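Residue numbering for the sequence shown follows my numbering, starting at 277 and increasing by one per position.
Everything on this sheet refers to the single structure shown next.
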Amino acid sequence: MAKILGIIGGGQLGMMLTEAAKKMPEHISQVIVLDPNQNCSASLVGANQIVGDFKDKDAIIELSKQVDIITYEIESGDSDVLKSVENNAEINPSPETLKTIQDKFLQKTFLQNNGIPVPEFIKVESIDEVKEGLKKYGYPALLKARRDAYDGKGNFKIDSENEIQKAYDYFKGQKLMLEKFVPFKMEVSVIASRNTKGQIKTYPLVENIHEKNILRETIAPARTSSEVSKKAEKIANNTMDVLKGAGVFGIEMFVTQDDQIVINEIAPRVHNSGHHTLQSSKTSQFEQHLRAILGLELGSTELIHNTIMYNILGNLGFEGEYKKIEFLQNNVFLKMYEKKISKPLRKLGHFNLVGNDNQTIDQLLDELSQIKDKMTVKSI
Ligand SMILES: Nc1ncnc2c1ncn2[C@@H]1O[C@H](COP(=O)(O)OP(=O)(O)O)[C@@H](O)[C@H]1O
Ligand SMILES: [Mg+2]
């Protein structure tokens with residue numbers, strides 16, 4: 277029997293999950309999202325919407341009564357509330373997995389305890405503990421909020437002793453951890469999936485380029501040696517094995533100067549660095565996530581085409597309605613998230629530049645440099 281799917285969050289990830297769900301009518305009959313913004317992206321592609329905050333207990337209870345299975349596009353949900361509605365609906369990834377992952381300190385402790393490489397880190401509960409930690413790690417080091425961080429907003433890089441107080445005050449009473457700085461040579465990620473029956477599949481390693489702490493482009497596959505890619509994919513596999521939750525997970529990693537891999541963080545959901553799979557692979561990460569939480573056989577994760585994903589971000593210094601972006605070229609797949617208002621660096625859409633059979637990543641990067649300037653956001 278087809279199930280009713282509930283998604284906590286109806287932004288672009290919820291939107292693309294909804295679109296994938298619509299292509300599986302034999303398994304999913306309806307999608308209901310919980311999102312605070314009327315006319316959220318997912319609601320514009322056929323999801324029904326409960327308007328409410330992600331953490332609103334009553335709204336989550338209401339959602340759980342209306343659906344058979346709940347998943348999420350954000351990691352900041354209240355895992356205790358989710359746990360309390362498990363009798364109403366199956367929840368994947370499980371509230372326990374969410375609880376571990378959504379706190380960066382618990383997440384890294386869990387990984388470390390399972391022998392999975394992470395940067396050195398400690399919990400810090402006072403400024404004196406920050407100072408102690410810095411004696412050990414030296415400068416720079418990162419002070420990080422343990423929860424609810426995104427786009428670098430939960431990080432403060434401490435470059436010298438003079439910045440300790442400023443860094444500490446920046447977080448105003450949030451729970452914190454301190455992490456050793458990793459002078460990485462590349463940021464990479466693996467989109468990994470595990471279904472409810474324990475089957476695991478990982479997509480090939482991709483390379484991520486950030487600007488102002490926001491993902492700007494993803495290069496699939498990563499420009500690493502096959503040893504490095506294999507090592508990263510193995511670590512992703514091991515992580516899925518110990519983590520046990522069902523769904524797609526975005527595993528962000530650093531490649532160190534001596535080609536070691538350490539995990540930076542895991543997102544318990546589909547991930548921006550997996551958007552290339554919409555065109556590069558037989559199974560998109562969105563379909564894969566649904567297959568995983570429904571307990572279906574996972575789809576192929578083979579990379580069929582070299583692809584670069586480029587994020588379309590709101591311009592700095594501009595907030596308001598913007599002109600529709602259109603672009604016609606048969607190897608460019610543009611996906612806009614139908615957000616009415618542009619804000620500085622807001623993710624408004626992305627496109628995948630898909631290589632043909634013999635196009636190298638360097639050729640694609642050349643092509644990208646010609647295209648990207650035409651994809652800028654302009655006010656109406
Ligand atoms: N230990 C570290 N060493 C060096 N750079 C780091 C470290 N931790 C984070 N960063 C940099 O900051 C970015 C954002 O950090 P991350 O912990 O992933 O936060 P967010 O939750 O905002 O994505 C990373 O993509 C990376 O570029
Ligand atoms: Mg990150």
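Every residue, glycine too, gets a C-beta built ideally from N, C-alpha and C.
Here the structure is a predicted model, which is why all the values come from computation and not from measurement.
Tell me, to the nearest whole angstrom, how far the beta carbon of residue i is from that of residue j; I am working on the premise that it is less than 8 Å.
i, j, result
"N591", "T652", "7 Å"
"L289", "R545", "7 Å"
"K399", "F381", "5 Å"
"Q533", "P393", "That pair is no contact at about 15 Å."
"E455", "L418", "5 Å"
"G571", "E563", "About 14 Å; that fails the 8 Å criterion."
"I326", "L339", "6 Å"
"N582", "I647", "Not a contact, Cβ separation roughly 15 Å."
"L374", "I336", "No, L374 and I336 are not in contact; Cβ-Cβ is about 13 Å, not under 8 Å."
Using the Cα positions of residue i and residue j, report the straight-line distance between them to the nearest angstrom.
i, j, result
"T515", "I656", "46 Å"
"G322", "G282", "13 Å"
"T385", "I495", "30 Å"
"F530", "I304", "37 Å"
"H626", "I511", "28 Å"
"A318", "G409", "43 Å"
"L640", "M277", "44 Å"
"E439", "E405", "15 Å"
"N431", "Y446", "9 Å"
How should residue i be labelled, buried or exposed, when 16 other C-beta atoms within 10 angstroms of its C-beta is the threshold for buried?
i, result
"I377", "buried"
"F525", "buried"
"V361", "buried"
"F397", "buried"
"Y479", "buried"
"Q705", "Nothing can be reported for residue 705: it is not among the residues displayed for the chain, which extend from 277 to 656."
"S402", "exposed"
"A522", "buried"
"S502", "exposed"
"S556", "buried"
"F330", "buried"
"F594", "exposed"
What are the boundary residues of the alpha helix (DSSP H) that residue i is part of?
i, result
"D377", "Correcting the residue identity first, residue 377 is Ile in this sequence and not Asp. Segment 371-378, the alpha helix (DSSP H) holding I377."
"E295", "288-298"
"Q555", "553-556"
"E408", "403-413"
"Y333", "The identity of residue 333 in the sequence shown is Lys, whereas the question assumes Tyr. Segment 333-342, the alpha helix (DSSP H) holding K333."
"E563", "561-570"
"A443", "440-446"
"V653", "Per DSSP, V653 belongs to no alpha helix (DSSP H) and is neither H nor E."
May I ask which residues mark the beginning and end of the beta strand (DSSP E) holding residue i?
i, result
"Q325", "324-327"
"K279", "279-284"
"R470", "462-470"
"M529", "523-531"
"M585", "583-589"
"M516", "Taken as a continuous stretch (DSSP letters only), M516 belongs to no beta strand (DSSP E), being part of the alpha helix (DSSP H) at 502-519."
"R492", "490-496"
"Q306", "304-311"
"A417", "417-421"
"E455", "452-456"
"L610", "608-612"
Using a threshold of 7 Å, is the CB atom of residue i nearer than that to any non-hydrogen atom of ligand 3?
i, result
"F460", "Ligand 3 is absent from the structure shown, which contains only ligand 1 and ligand 2."
> Under a criterion of Cβ closer than 7 Å to any non-hydrogen atom of ligand 2, which residues qualify, in chain order?
Replying inline: Going by the Cβ distance cut-off, the answer is E528, N540, E541.
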